[in-house]
Amino acid sequence: MNGDSLILKCSQKLLKVELETVTCFAVNDYLLTVFFLDGSSHSCCSSLKKVEGELPETFFKIGRSCLVNVALIQSLQPKEKCVIMQNGHRLQVSRSKWAALKSLVTQRNQSDNGVSAFG
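Reminder that position 108 of the sequence shown reads as 92 in our numbering, one-by-one numbering, no gaps.
Next up, the structure:
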């Protein structure tokens, strides 16, 4: 993997994933699914732990089965403990990960434009 893409083995083929278009990686019943900004997805036989070790710091584990692309978070919903991605996809965040995610998103936002939009 280089800094902006990842190669995943899906069925009998290799899939090159452009990380800037990935909203999240989620695992359900040992099947890793990659979700993209355009609403499409691809499923592969891989573990979240394996993929997590190959991703840049823009990805954050928000629960046992989901890694989210922090750069593509549109908003945080504190009451529901969820994030809304730029494509409208809602993802639940575990209570134990909420404070760290909020801090990370706030830091990124402040460094990007000098102002925090997240409360």
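Where a beta carbon is used, it is the ideal one built from N, C-alpha and C, also for glycine.
Given the structure is predicted, the values throughout are model-derived calculations rather than measurements.
Which residues in the same chain have their Cβ closer than 8 Å to the Cβ of residue i, if we skip the five residues on either side of it in sequence?
| i | result |
| --- | --- |
| residue 2 | -12, -11 |
Check residue i in the structure and name its three-state DSSP category.
| i | result |
| --- | --- |
| residue 71 | coil |
| residue 87 | helix |
| residue 94 | helix |
| residue 65 | coil |
| residue -11 | strand |
| residue 59 | strand |
| residue 1 | strand |
| residue 77 | coil |
Provide the residue span of the beta strand (DSSP E) that contains residue i, from first to last.
| i | result |
| --- | --- |
| residue 32 | No beta strand (DSSP E) holds residue 32; the alpha helix (DSSP H) holding it covers 32 to 36. |
| residue 39 | Taken as a continuous stretch (DSSP letters only), residue 39 belongs to no beta strand (DSSP E), as it is neither H nor E. |
Suppose the cutoff is 6 Å on Cβ atoms and the five residues either side in sequence are ignored; what does the same chain contact list for residue i look like?
| i | result |
| --- | --- |
| residue 76 | 66 |
| residue 81 | 46 |
Taking the DSSP output, what are the residues bridged to residue i?
| i | result |
| --- | --- |
| residue 16 | 11, 28 |
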